[in-house]
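Novice:
Numbering (full-length UniProt numbering), first residue to last: 1 to 331.
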């Protein structure tokens with residue numbers, strides 16, 4: 001009897017030790033990631049990064065912390081604080097703070113930096129990414145071109161920088177494919193997060209007969225809803241908030257980008273690379289949102305054209321042009 005108890009105790013201790021060892025190994029396998037955002041995490045662009053990193057944290061791959069609404073003047077200081085704390089990777093958007101972000105990366109060569117940027121990687125540790133979602137943007141343009149009745153489409157963006165320009169240009173090209181008669185109004189509000197200003201720009205376009213609006217920024221869909229016209233979403237799907245307004249959206253999924261970077265850091269193989277290709281449709285970095293409430297409102301013939309184009313993009317027989325030039329109005 002005593003021998004059996006001793007054997008049982010030994011087995012229990014062995015199981016507990018194994019569990020403890022596994023837990024320690026799992027903890028050791030985690031990396032520390034910090035993000036620095038210049039806007040609130042609710043803003044559509046950074047929300048995609050935050051969601052992907054939060055998912056990695058929840059499955060136990062990383063320890064994750066972040067700072068939001070960091071001013072450009074404070075960005076370098078916050079980056080340095082995280083690097084000094086010994087995080088393994090810093091993620092953020094360097095568009096307005098390129099020099100500062102790259103300076104920090106040079107000072108901490110052992111830290112991985114994965115930054116949204118319009119420019120090239122910087123050896124040895126500064127990798128870049130971008131929302132190369134021009135493919136679904138083209139598809140949403142096709143839908144817009146087929147749904148407009150006035151043949152006037154309004155396009156409202158933040159700043160005329162490459163990552164915005166390429167989406168607008170792809171959207172406009174898609175609209176022209178199905179409707180060569182369509183005309184465009186283009187406006188930039190000079191901000192990444194100013195819904196009232198975007199709303200006013202959209203109102204001005206509606207006054208000039210635009211009946212479909214490309215909502216690159218928050219606020220545009222609110223104007224469309226108030227005036228009873230259609231909107232095309234960007235980066236996230238807001239149809240649930242605008243069920244009678246947002247007819248289609250080009251979605252960005254940061255998971256492939258984030259997961260690839262985490263794997264590289266864990267393997268100690270992280271280097272200066274361009275992660276932009278992970279945002280294409282084929283690797284799962286972008287998609288066309290489900291039609292949802294507009295499933296039966298979009299003509300079947302138009303949906304068939306969109307599906308055919310999507311298939312051509314995925315099999316490589318059609319390539320959406322990456323045009324980073326500032327889009328121009330045609331009316």
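Note that beta-carbon positions come from the ideal geometry of N, C-alpha and C, so glycine has one too. A quick note: this is a predicted structure, and the numbers were derived from the prediction, not measured.
Would you list the residues sitting across from residue 230 in a DSSP beta bridge?
Specialist: On the chain shown, position 230 is the one that residue 230 refers to. Answer is 212, bridged to residue 230.
Novice: Need the endpoints of the beta strand (DSSP E) that residue 63 sits in, please.
Specialist: What you label residue 63 is simply residue 63 of the chain shown in a count that begins at 1. Its beta strand (DSSP E) spans residues 62 to 67.
Novice: Could you check the C-alpha separation between residue 29 and residue 127 for me, to the nearest Å?
Specialist: Here the question's residue 29 lines up with position 29 in the chain shown. Here the question's residue 127 lines up with position 127 in the chain shown. Each residue's alpha carbon lies about 22 Å from the other.
Novice: Looking at the secondary structure, which residues open and close the alpha helix (DSSP H) in which residue 192 lies?
Specialist: Along the chain shown, read from residue 1 onward, the residue named residue 192 stands at position 192. Unbroken run through residue 192: none, as it is neither H nor E.
Novice: Give the range of the alpha helix (DSSP H) segment to which residue 305 is assigned.
Specialist: Stepping through the chain shown from its first residue, residue 305 is reached at position 305. Note, residue 305: alpha helix (DSSP H), 300 to 315.
Novice: Residues bridged to residue 171 by DSSP?
Specialist: For the purposes of this step, residue 171 is taken as residue 171 along the chain shown, with counting starting at 1. DSSP output for residue 171 lists no bridge partner at all.
Novice: Out of 231, 321 and 312, point me to the one whose CA is closest to residue 294's CA.
Specialist: Within the chain shown, numbered from 1, the residue matching residue 294 stands at position 294. For residue 294, the nearest C-alpha among the options comes from 231.
Novice: Below 8 Å, how does it come out for the stretch 136 to 145 and the stretch 227 to 246: are there three or more Cβ pairs, yes or no?
Specialist: Yes, the stretch 136 to 145 touches the stretch 227 to 246.
Novice: Note down, in chain order, each residue of its chain lying with its Cβ closer than 6 Å to the Cβ of residue 170, except the 5 sequence neighbours on either side.
Specialist: Taking the first residue of the chain shown as 1, we reach residue 170 at position 170. Answer for residue 170: 134, 137, 138 and 320, listed in chain order.
Novice: Going by other Cβ atoms of all chains shown within 10 Å of its Cβ, with 16 needed for buried, is residue 223 buried or exposed?
Specialist: Counting from one through the chain shown, the residue named residue 223 turns up at place 223. Residue 223 comes out buried.
Novice: Return the CA-CA distance between residue 152 and residue 168, expressed in angstroms with no decimal places.
Specialist: The residue given as residue 152 occupies position 152 in the chain shown. The residue given as residue 168 occupies position 168 in the chain shown. Going by the C-alpha atoms only, they are around 15 Å apart.
Novice: Going by other Cβ atoms of all chains shown within 10 Å of its Cβ, with 16 needed for buried, is residue 256 buried or exposed?
Specialist: On the chain shown, position 256 is the one that residue 256 refers to. The residue is buried, with at least 16 neighbouring Cβ atoms inside 10 Å.
Novice: Would you mind stating whether residue 78 and residue 71 have Cβ atoms separated by less than 7 Å?
Specialist: For the purposes of this step, residue 78 is identified with residue 78 of the chain shown, where counting begins at 1. For the purposes of this step, residue 71 is identified with residue 71 of the chain shown, where counting begins at 1. No, these two residues do not count as a Cβ contact at 7 Å.
Novice: Take residue 162 and list the residues in its own chain whose beta-carbon comes closer than 7 Å to its own, dropping the five residues that flank it on each side.
Specialist: By one-based count along the chain shown, residue 162 stands at place 162. The answer, listed in chain order, is 118 and 324.
Novice: Give me the residue from 278, 286, 242 and 302 with the minimum Cα distance to residue 292.
Specialist: Translated into positions along the chain shown, residue 292 becomes position 292. The shortest Cα separation from residue 292 among 278, 286, 242 and 302 belongs to 242.
Novice: Do three or more CB pairs link the stretch 31 to 39 to the stretch 49 to 69 at distances below 8 Å?
Specialist: Yes: at least three Cβ pairs fall under 8 Å.
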